[in-house]
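A.B. asks: Encoded as structure tokens, here's the structure I'll be asking about.
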Ligand SMILES: [Zn+2]
């Protein structure tokens, strides 16, 4: 009989002991989305902006640095009266017109020279029309001298759009832009496109029909399947099952593609490209490639490995990721992990302003570069499990791939170029 190894202090952060808990209650994963740390002063609003696909609309916009709001995603943000005409947008929410108007959340600060951005980083111009879900009961009014605080809101992504130009409005130089509302393109199954019309009513596309249609081309049915929404969704569901991610049941393929883009540990520039993908198929293909190739999260600064893909833990409904506001009013997005490595924990535990009720938090520092990379959360009561977990900040980690051993430097460079190139989605470009 094997002897039980003594507890190893150095391994105390590996999370295995969580499995041994008896008579315990797992954390209520619906709590984080309630944002209780923001207080009780939030009132519910049901604004529903909607614009015709392809139309050009003038809307106010705000920058939420490095946070890409996806359609259907809800995030808390802190808006300054400098940024958005809060008087117009918020104080009069009873006005139907204002409820419909909404505003745009942009992740990248594009400065004032759009022509430069259009050439160098065209995906920086993607944004999302946001509706207000909840707002502080007493929004901060623009003051004559100085603005303090700002207005806290929970917003929901509605429609994606592309910044075409800046629009000057009023004496206060608040930010307005001319936005193209991007269409939601679902691509037809490729075999249906090549199939003669008279076959479509006679032959089911399932299996045998697809095989016959593919025989009209030099390519195999398997190749066409990689551009087929139904096939892509089925493959992606297999991949995320292994990671214990749980999307809502019965969401359509486009919403599923946005949910993946929200929950996968991807950096902001990659998510912007997913937001602007030319079609649902392109977004799903990129997510599938990403899920199949990346296997760990590295520090974005020094490249040291901080976590492996399989160690994610869903602490916000079925998601690995969630966005919160810190006491400074900055929206932070984290990935929750049950284990991390190359991390040191510092600071005294505190429950103040905690994003996870019942858990205290401390800071995490990367052992490679000593940069702040997130927080460790520890349960305050012995019954609450997991006893601890970690939140890695989205902007501080990059998904990475473990290449095969024995590659020389030039082979390694090519390997990473090929992998990164394969994952990039084709995104919308204005003609
Ligand atoms: Zn580092």
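In the numbering used here, the protein residues as written are 1 to 431.
Ideal Cβ positions, reconstructed from N, Cα and C, are used throughout, including at glycine.
Please identify the residue among 271, 425, 51 and 343 whose C-alpha is closest to the C-alpha of residue 363.
C.D. replies: Start at 1 with the first residue of the chain shown, and residue 363 comes out as number 363. With distances taken between Cα atoms, residue 363 lies closest to 343.
A.B. asks: On the three-state DSSP scale, how would you describe residue 419?
C.D. replies: Start at 1 with the first residue of the chain shown, and residue 419 comes out as number 419. Correct three-state label for residue 419: helix.
A.B. asks: To the nearest angstrom, how far is the alpha carbon of residue 144 from that of residue 41?
C.D. replies: Here residue 144 refers to the residue found at position 144 of the chain shown. Here residue 41 refers to the residue found at position 41 of the chain shown. With a pLDDT of 47 at residue 144, under the threshold of 50, the modelled position of this residue cannot be trusted; read the value that follows with caution. Going by the C-alpha atoms only, they are around 24 Å apart.
A.B. asks: Please tell me whether residue 334 and residue 322 are closer than 8 Å, where the distance is taken between their beta carbons.
C.D. replies: Here residue 334 refers to the residue found at position 334 when the chain shown is read from its first residue. Here residue 322 refers to the residue found at position 322 when the chain shown is read from its first residue. It is a contact, given that the beta carbons lie within the stated cut-off.
A.B. asks: Any heavy atom of ligand 1 closer than 7 Å to the beta-carbon of residue 395?
C.D. replies: As a working mapping, residue 395 is identified with position 395 in the chain shown. It does not: the Cβ of residue 395 is nowhere closer than 7 Å to a heavy atom of ligand 1.
A.B. asks: At the level of alpha carbons, what is the spacing between residue 127 and residue 38?
C.D. replies: Numbered from its first residue, the chain shown carries residue 127 at position 127. Numbered from its first residue, the chain shown carries residue 38 at position 38. Each residue's Cα considered, the two are about 25 Å apart.
A.B. asks: Indicate the three-state DSSP secondary structure (helix, strand or coil) for residue 26 in the structure shown.
C.D. replies: Taking the chain shown and counting its residues from 1, the one referred to as residue 26 is at position 26. Three-state DSSP puts residue 26 in a strand.
A.B. asks: Can we say the segment 107-114 touches the segment 129-138, given the rule of at least three CB pairs closer than 8 Å?
C.D. replies: No, because fewer than three Cβ pairs between the segment 107-114 and the segment 129-138 fall closer than 8 Å, the two stretches do not touch.
A.B. asks: Out of curiosity, what's the CA-to-CA distance linking residue 163 and residue 103?
C.D. replies: Working through the chain shown from its first residue, we reach residue 163 at position 163. Working through the chain shown from its first residue, we reach residue 103 at position 103. So the alpha carbons of these two residues sit roughly 12 Å apart.
A.B. asks: Who are the near neighbours of residue 214 in its chain, counting only those whose CB is closer than 7 Å to its CB and skipping five residues on each side?
C.D. replies: As a first step, residue 214 must be located in the chain shown, where it is residue number 214. Taken in chain order, the residues that qualify are 191, 220, 221 and 224.
A.B. asks: Please go through the segment 304-382 and give each complete beta strand (DSSP E) segment of 3 or more residues, from N-terminal end onward.
C.D. replies: Correct list: 305-308, 321-325, 331-337, 343-350, 359-366 and 372-379.
A.B. asks: Would you report the Cα separation of residue 352 and residue 429, rounded to the nearest angstrom?
C.D. replies: Within the chain shown, numbered from 1, the residue matching residue 352 stands at position 352. Within the chain shown, numbered from 1, the residue matching residue 429 stands at position 429. For residue 352 and residue 429, the distance between alpha carbons rounds to 45 Å.
A.B. asks: Leaving aside the five residues before and after residue 312 along the sequence, list all residues of the same chain whose C-beta is less than 8 Å from its C-beta, in chain order.
C.D. replies: Taking the first residue of the chain shown as position 1, residue 312 is located at position 312. Only 243, 244, 245, 265, 320, 335, 336, 337 and 338 meet the Cβ criterion.
A.B. asks: Compute the distance between the beta-carbons of residue 288 and residue 257, then report whether it is under 8 Å.
C.D. replies: Walking along the chain shown from the start, residue 288 turns up at place 288. Walking along the chain shown from the start, residue 257 turns up at place 257. Taking 8 Å as the Cβ cut-off, residue 288 and residue 257 do not qualify as a contacting pair.
A.B. asks: Flag residue 312 as yes when its Cβ comes closer than 7 Å to any non-hydrogen atom of ligand 1, and as no otherwise.
C.D. replies: Position 312 of the chain shown, counted from the start, is the residue given in the question as residue 312. Not under cutoff, so the answer is no.
A.B. asks: Can you find a heavy atom of ligand 1 that lies under 7 Å from the Cβ of residue 371?
C.D. replies: Within the chain shown, the letter at position 371 stands for residue 371. Yes, the Cβ of residue 371 comes within 7 Å of a heavy atom of ligand 1.
A.B. asks: In this structure, how does DSSP classify residue 424 when only helix, strand and coil are distinguished?
C.D. replies: Here the question's residue 424 lines up with position 424 in the chain shown. If DSSP states are grouped into helix, strand and coil, residue 424 belongs with coil.
A.B. asks: Count the C-beta pairs between the segment 396-403 and the segment 363-380 that are closer than 8 Å, then say yes if the count reaches three, no if not.
C.D. replies: With the cut-off at 8 Å, the segment 396-403 and the segment 363-380 touch.
A.B. asks: Looking only at C-alpha atoms, which of 67, 280 and 400 sits nearest to residue 300?
C.D. replies: What you label residue 300 is simply residue 300 of the chain shown in a count that begins at 1. Comparing Cα-Cα distances from residue 300 to each of 67, 280 and 400, the minimum goes to 400.
A.B. asks: Looking only at its own chain, which residues have a Cβ that is under 7 Å from the Cβ of residue 473, when we skip the five neighbours before and after it?
C.D. replies: Only positions 1 to 431 of the chain appear in this structure, which leaves residue 473 out of reach.
A.B. asks: Could you give the DSSP three-state label for residue 229: helix, strand or coil?
C.D. replies: The count along the chain shown starts at 1 and reaches residue 229 at position 229. Three-state DSSP puts residue 229 in a helix.
A.B. asks: Write down the C-beta distance between residue 27 and residue 358 rounded to the nearest angstrom, noting that I regard them as a contact closer than 8 Å.
C.D. replies: In the chain shown, the residue the question calls residue 27 occupies position 27. In the chain shown, the residue the question calls residue 358 occupies position 358. The Cβ separation is near 7 Å, so the contact holds.
A.B. asks: Name the DSSP beta bridge partners of residue 222, please?
C.D. replies: Position 222 of the chain shown, counted from the start, is the residue given in the question as residue 222. Answer is none; residue 222 lacks a bridge partner.
A.B. asks: Straight-line CA distance for residue 239 to residue 420?
C.D. replies: What you label residue 239 is simply residue 239 of the chain shown in a count that begins at 1. What you label residue 420 is simply residue 420 of the chain shown in a count that begins at 1. Residue 239 and residue 420: Cα-Cα distance of roughly 19 Å.
A.B. asks: How about the segment 368-379 and the segment 270-278: do they share at least three Cβ pairs that are nearer than 8 Å?
C.D. replies: Contact fails: fewer than three Cβ-Cβ distances are below 8 Å.
A.B. asks: For the alpha helix (DSSP H) that contains residue 115, what are its first and last residues?
C.D. replies: Taking the first residue of the chain shown as position 1, residue 115 is located at position 115. 114-120 is the span of the alpha helix (DSSP H), which, as asked, contains residue 115.
A.B. asks: When you measure from the CB of residue 368 to every non-hydrogen atom of ligand 1, does any distance come out below 7 Å?
C.D. replies: As a position in the chain shown, residue 368 is number 368, starting the count at 1. Yes; taking the cut-off as 7 Å, the Cβ of residue 368 has a heavy atom of ligand 1 nearer than that.
A.B. asks: Does the beta-carbon distance from residue 315 to residue 389 come in below 8 Å?
C.D. replies: By 1-based counting over the chain shown, the position of residue 315 is 315. By 1-based counting over the chain shown, the position of residue 389 is 389. In this structure, residue 389 lies closer than 8 Å to residue 315 by Cβ.
A.B. asks: Which residue wins for smallest C-alpha separation from residue 101, given the options 30, 48, 403 and 375?
C.D. replies: The sequence position of residue 101 within the chain shown is 101, counting from 1. Ranking 30, 48, 403 and 375 by Cα distance to residue 101 puts 48 first.
A.B. asks: Does residue 130 pass the burial test, meaning 16 or more other C-beta atoms within 10 Å, or should it be called exposed?
C.D. replies: The count along the chain shown starts at 1 and reaches residue 130 at position 130. Buried, because 16 or more other Cβ atoms sit within 10 Å of the Cβ of residue 130.
A.B. asks: Which class does residue 392 belong to by DSSP, given the choice of helix, strand or coil?
C.D. replies: Residue numbering aside, residue 392 sits at position 392 when the chain shown is read from its first letter. Correct three-state label for residue 392: strand.
A.B. asks: May I have the straight-line CA-CA distance separating residue 302 from residue 67, to the nearest angstrom?
C.D. replies: By one-based count along the chain shown, residue 302 stands at place 302. By one-based count along the chain shown, residue 67 stands at place 67. Distance between the alpha carbons of residue 302 and residue 67 is about 22 Å.
A.B. asks: Taking the alpha carbon of residue 278 as the reference point, which residue from 212, 424 and 35 has its own alpha carbon closest?
C.D. replies: Looking up residue 278 in the chain shown gives position 278. Of the candidates 212, 424 and 35, the one whose C-alpha sits nearest the C-alpha of residue 278 is 424.
A.B. asks: Do residue 340 and ligand 1 come close, with the Cβ less than 7 Å from some heavy atom?
C.D. replies: In the chain shown, counting from the first residue as 1, residue 340 sits at position 340. Answer for residue 340: no, Cβ out of range of ligand 1.
A.B. asks: I'd like the list of long-range same chain contacts for residue 267, defined as Cβ closer than 6 Å, with 5 residues on each side in sequence excluded.
C.D. replies: The sequence position of residue 267 within the chain shown is 267, counting from 1. Excluding positions up to five away in sequence, the list reads 398.
A.B. asks: For residue 308 and residue 59, what's the separation of their Cα atoms in angstroms?
C.D. replies: In the chain shown, the residue the question calls residue 308 occupies position 308. In the chain shown, the residue the question calls residue 59 occupies position 59. Looking at the two C-alpha atoms, the distance is approximately 41 Å.
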